[in-house]
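Q:
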Amino acid sequence: DSGVTQTPKHLITATGQRVTLRCSPRSGDLSVYWYQQSLDQGLQFLIQYYNGEERAKGNILERFSAQQFPDLHSELNLSSLELGDSALYFCASSVRRASSYNEQFFGPGTRLTVL
Amino acid sequence: AQKVTQAQTEISVVEKEDVTLDCVYETRDTTYYLFWYKQPPSGELVFLIRRNSFDEQNEISGRYSWNFQKSTSSFNFTITASQVVDSAVYFCALSEALNNAGNMLTFGGGTRLMVKP
Numbered sequence: 001d002s003g004v005t006q007t008p009k010h011l012i013t014a015t016g017q018r019v020t021l022r023c024s025p026r027s028g029d030l031s032v033y034w035y036q037q038s039l040d041q042g043l044q045f046l047i048q049y050y051n052g053e054e055r056a057k058g059n060i061l062e063r064f065s066a067q068q069f070p071d072l073h074s075e076l077n078l079s080s081l082e083l084g085d086s087a088l089y090f091c092a093s094s095v096r097r098a099s100s101y102n103e104q105f106f107g108p109g110t111r112l113t114v115l
Numbered sequence: 116a117q118k119v120t121q122a123q124t125e126i127s128v129v130e131k132e133d134v135t136l137d138c139v140y141e142t143r144d145t146t147y148y149l150f151w152y153k154q155p156p157s158g159e160l161v162f163l164i165r166r167n168s169f170d171e172q173n174e175i176s177g178r179y180s181w182n183f184q185k186s187t188s189s190f191n192f193t194i195t196a197s198q199v200v201d202s203a204v205y206f207c208a209l210s211e212a213l214n215n216a217g218n219m220l221t222f223g224g225g226t227r228l229m230v231k232p
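Going down the list, the sequences are from chains E and Z.
Residue 107 in the working numbering sits at position 107 of the first sequence, with consecutive numbering throughout.
Residue 122 in the working numbering sits at position 7 of the second sequence, with consecutive numbering throughout.
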């Protein structure tokens, strides 16, 4: 158990819909990262938040957005869903307040299926 | 731009064989970090190791060992005496120099390792 939690574990929805994926980082971790794993694109970085602020953006579509709340949990919002958005979405956290290491610890993922 | 290449998409071995998973990376940074993660059939990503670019010492942890060679931009992973439980997809990843906020990982395409009894 990495200490990172993600809900829901599975999500099945229809094209055009909007969903929200939730992530709670390990206790003390300030950074949250979102990654997408799909068959054709592999594992890709989407976006990073650090202590409530957006820190870095990767290949994230404009239909996708994220935020990190004061309690450090994060949500990834996916809207106008398309079939190609079906993937495993991982959240990872890193940077404990008193640590110099940067290992990212991953949650179990949310498997999104768009029908 | 960073890039990680895992040329072996799939490897199949018989239990107790040794197996090496290759990883080649590209970066313009002089300070960077390399990682290996394991993704078992259950789907989660399990951290295995982190290596700094300024530390070329090889590392051994039980049946696992890692060979970092800056001259060839490679960070290979060897499993000695493989076991069925080692069956998984293994990802090599690269991160630029650390800052207080951490940094994104660039992953290779993964190598699926199948260990047969």
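Glycine residues also receive a C-beta, built at the ideal position from the N, C-alpha and C atoms.
#1: For the putative contact between aspartate 29 of chain E and serine 93 of chain E, defined by C-beta atoms under 8 Å, what is the C-beta separation to the nearest angstrom?
#2: For alanine 87 of chain E, which option in E:Glu53, E:Arg55, E:Leu43, E:His73 has the closest C-alpha, if you only look at C-alpha atoms?
#3: Which residue or residues does DSSP assign as beta-bridge partners of alanine 196 of chain Z?
#4: Can serine 168 of chain Z and tyrosine 140 of chain Z be called in contact, C-beta distance under 7 Å?
#5: So, with DSSP's three-state summary, where would you put lysine 118 of chain Z?
#6: On the CB-based measure, 16 or more other CB atoms within 10 Å of its CB, does phenylalanine 69 of chain E come out buried or exposed?
#7: Which residue comes first and which comes last in the beta strand (DSSP E) that contains arginine 26 of chain E?
#8: Return the chain-ordered list of same chain residues with a C-beta closer than 6 Å to the C-beta of threonine 113 of chain E, the five sequence neighbours on each side being excluded.
#9: Quick check on the burial criterion: 16 or more other C-beta atoms within 10 angstroms. Buried or exposed for aspartate 201 of chain Z?
#10: Helix, strand or coil, according to DSSP, for leucine 83 of chain E in the structure here?
#11: Got a sec: which bits of the stretch 68 to 94 of chain E sit with their beta carbon under 7 Å from any beta carbon on chain Z, in order along the chain?
A: Result, derived from the coordinates:
#1: Correct: roughly 4 Å between the Cβ atoms.
#2: The option with the nearest alpha carbon to alanine 87 of chain E is E:Leu43.
#3: Alanine 196 of chain Z pairs with nothing; no bridge assigned.
#4: Going by beta carbons, serine 168 of chain Z and tyrosine 140 of chain Z fall outside the 7 Å limit.
#5: DSSP places lysine 118 of chain Z in the strand class (E or B) of the three-state scheme.
#6: It is exposed - the Cβ of phenylalanine 69 of chain E has fewer than 16 other Cβ atoms within 10 Å.
#7: Per DSSP, arginine 26 of chain E lies in no beta strand (DSSP E) segment and is marked neither H nor E.
#8: The residues are Ile12, Ser86.
#9: That one is buried.
#10: Leucine 83 of chain E: helix per DSSP, three-state reduction.
#11: For the stretch 68 to 94 of chain E, the beta-carbon criterion of a distance under 7 Å to any beta-carbon of chain Z is satisfied by Leu88, Phe90, Ser94.
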